[in-house]
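Single-structure report; data block below.
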Amino acid sequence: MEKKVLYLEDIRAGDEAPPVVVANITRTHIVKYAGASGDFNPIHHDELYAIRGGNDRVFAMGMMTAGFLSHMITDWVGDGKLRQYKVRFARQVWPGDTVTCKGKITKQYTEGGKNYIEADVFAENQRAEKLITSTIVAEVLNKPAV
Amino acid sequence: MPIQDLIGKEFPPFDMPVERGKIREFANAIGDDNPIYSDPAYAAKSEFGNILAPPTFVATKAFWRKGESVFELAGFDPHFRLHGEEEYEYYKPILAGDVLTCESKITEAYEKPGRRGGKMTFIVLEFSFYNQKREKVLVSRTTSIHTEGAVKN
């Protein structure tokens, strides 16, 4: 399988990432992430507990959405290229929501002989409300000489 | 105890073996079918030579940490606990078979009035992960917020 690599020569500020969409979040998505990550705060899997806390129903962990977003990022910049990933959690993800992950390059620079890009990346719901926003730094390689 | 007194508090270090099955399970839970997380033959031929951990994999430290959690220490009620931010700095790849050691401490603790009334308490916990060669592989910072009621948006 040929994996796509993002090379310095191919990118420009303003370039956008191929989006990743996770349609119709279910409680199954949430409990799978709970089991995988070890986040067993009942507010994410126990409906009565969530309601007692003043919520309408259970909602997903922010880290699940940060995981969906990391999938978009690594598909875009390549494996092992991420150097910084800073996530701010803005809004909850509820069962039934559709999460779309997007990103855009804001800057490219060279430091210590290595090339980097900065990008704004985010996840939004079906109402285009931001769920999480993030800035990333990733290393990009020069295109190998042919 | 004033919340600021928590600044500098260190938690007991712990070891975290990085298991191939856990990486596969974690990648599956974030919907990522990249073979670098699940196919040993593919991974062996990659620049990493082994199954790679996804960027947010160290979330699984929850299974390995020891002792009182920061939330217990700060008296955070899980009903009203929010995750504000999560920040990662990556230094080296984390691979299946690694044994990471995690050191953690509270770097910030403060209170602010909430926009919709009530007090909000912020705690930043910093985690440093080292591999079995004592190379620093990753630093993460978690900002947790405790509110006095459910957040509506």
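Chains A and B are the protein sequences, given in the same order.
Under this note's numbering, the residue at position 5 of the first sequence is numbered 54, and the numbers go up by one with no gaps.
Under this note's numbering, the residue at position 35 of the second sequence is numbered 1444, and the numbers go up by one with no gaps.
For each residue, glycine too, the CB sits at the ideal point set by N, CA and C.
All of these numbers come straight from a predicted model, not from anything done at the bench.
Which residues in chain A have a C-beta closer than 7 Å to the C-beta of residue i? List them in chain order.
i	result
residue 1461(B)	128, 129
residue 1502(B)	129
Between which two residues does the alpha helix (DSSP H) containing residue i stretch?
i	result
residue 81(A)	76 to 86
residue 1480(B)	1479 to 1483
residue 1437(B)	1429 to 1438
residue 1539(B)	Taken as a continuous stretch (DSSP letters only), residue 1539(B) belongs to no alpha helix (DSSP H), being part of the beta strand (DSSP E) at 1528 to 1539.
residue 1449(B)	1449 to 1453
How would you write the range of the beta strand (DSSP E) that residue i sits in, first residue to last?
i	result
residue 69(A)	69 to 71
residue 93(A)	Careful: residue 93(A) lies outside any beta strand (DSSP E) and carries neither H nor E.
residue 1422(B)	1419 to 1426
residue 1498(B)	1490 to 1499
residue 1552(B)	1545 to 1555
residue 126(A)	Per DSSP, residue 126(A) belongs to no beta strand (DSSP E); it is in the alpha helix (DSSP H), 111 to 126.
If you draw a straight line from the C-alpha of residue i to the C-alpha of residue j, how long is it?
i	j	result
residue 50(A)	residue 1425(B)	Confidence at residue 50(A) is low in this model, with a pLDDT of 47, below 50, so the placement of that residue is unreliable and no value is reported for it.
residue 82(A)	residue 1453(B)	27 Å
residue 1487(B)	residue 1557(B)	11 Å
residue 1522(B)	residue 1555(B)	11 Å
residue 1412(B)	residue 193(A)	53 Å
residue 1421(B)	residue 1481(B)	15 Å
Taking residue i as the reference, which of the options has the closest Cα?
i	options	result
residue 1427(B)	1535(B), 1503(B), 1553(B), 1511(B)	1503(B)
residue 184(A)	195(A), 142(A), 115(A), 108(A)	115(A)
residue 1478(B)	1497(B), 1418(B), 1544(B)	1418(B)
residue 1467(B)	1546(B), 1552(B), 1524(B)	1546(B)
Along chain B, which residues have their Cβ under 8 Å away from the Cβ of residue i?
i	result
residue 224(A)	Outside the shown range of chain A, which is 50 to 195, sits residue 224(A), and nothing can be said about it.
residue 108(A)	Simply none; closest approach about 10 Å.
Can you determine whether any heavy atom of the ligand MN sits closer than 6 Å to the C-beta of residue i, and answer yes or no?
i	result
residue 91(A)	You won't find the ligand MN in this model; it holds no ligand whatsoever.
Task: Where the segment 144 to 170 of chain A meets chain B: residues whose CB sits under 9 Å from a CB there - done: Contact annotation: in the segment 144 to 170 of chain A, no residue has its CB less than 9 Å from a CB in chain B.
TODO: Return the residues of the segment 94 to 106 of chain A that lie within a Cβ-Cβ distance of less than 8 Å from chain B, sorted by chain order.
DONE: Within the segment 94 to 106 of chain A, the qualifying residues are 98, 101, 102, 103, 104.
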